[in-house]
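Residue numbers (our numbering): 42 to 352.
Built from N, CA and C at the ideal position, the CB exists for glycine as well.
Small disclaimer: the values here were computed from a predicted structure and weren't measured.
Here's the structure we're looking at; comments come further down.
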């Protein structure tokens, strides 16, 4: 490489200018002795959790009932340590943000001990997460004629990948773990193109076919045996604000989808008061901001097509 060393003499000046912005723009740095959760560690925990949920499909193969207990024990021990540290950091960060405290002068709260308590509660949910995901795999097998077997779905379907991370993140969200559930869901979003907020409530036997562009908001409620296609948005109409113009949080903003509903590609359903009744079918590209009674098919009128000879 032909390097002009005279040009490199400018690097200290560039460095100083970058660091100067850290004083100006403290909103977008986190400098100090109280580290945030590590994105790499959180993703590693997600990968380890997928190894527990779907053993034999991912990192370690040649597993059988004679050796799986040792394999699972090692992963659970590793997850305990990773999550205890990361959840402890998240809890400390939340305390600093909520109380405006100096992270280096915190009261004698053992955040890591609190992190361990939440970690143990979370690890106890893994059997139920697996049971829910087993129904999601079956829903994909029942709902997609292109699926040849459960193995294909587990290996290949981005919808299942997104639902897997959602079910993990949702349990952490329910335990009031800060930040980490969103880190998980946005990592899955970046991997699959499917955006499921960990606060959403989703029943068993859930199937997302194809998946790209699906958005499911924080206060959305989805019952069991629901099927949605690519591009579906279950979103909010608007965000209510207080007298000072700040968004009012913790209100239901997203729709309720009842049992057995099918929502086809690119449909948009908005609003916290919107309820899609049991066994309704919402056609492709439909936009709804009002409720639909059970057993209703909603479609848009077919556009007229023009055919002409190509010149």
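- Around the beta carbon of residue 63, fewer than 16 other beta carbons lie within 10 angstroms, which makes this residue exposed.
- Secondary structure note for residue 240: it is in no beta strand (DSSP E), with a DSSP letter that is neither H nor E.
- As DSSP reads the structure, residue 269 sits in a beta bridge with 249 and 304.
- Membership of residue 184 in any beta strand (DSSP E) is not indicated; the residue belongs instead to the alpha helix (DSSP H) covering 167-184.
- Counting only residues of its own chain and dropping the five nearest sequence neighbours on each side, residue 340 has a CB closer than 7 Å to the CB of 324 and 327.
- At a cut-off of 4 residues, the continuous stretches assigned as alpha helix (DSSP H) that sit fully inside the stretch 83-170 are 109-140 and 152-164.
- Note on geometry: alpha-carbon atoms of residue 91 and residue 100 lie some 9 Å from one another.
- Here residue 255 carries a coil assignment [DSSP, helix/strand/coil].
- CA-to-CA, the gap between residue 116 and residue 93 works out to about 7 Å.
- The stretch 191-210 makes contact with the stretch 228-237: 3 or more CB pairs, one atom from each, lie closer than 8 Å.
- Remark: C-beta atoms of residue 322 and residue 298 do not approach each other more closely than 7 Å.
- For residue 311 against residue 277, the beta-carbon gap comes to about 6 Å, under 8 Å, which counts as contact.
- Per DSSP, reduced to three states, the secondary structure at residue 340 is coil, with no helix or strand assignment.
- Contact between residue 160 and residue 124 holds, since their C-beta atoms are separated by about 4 Å, short of 8 Å.
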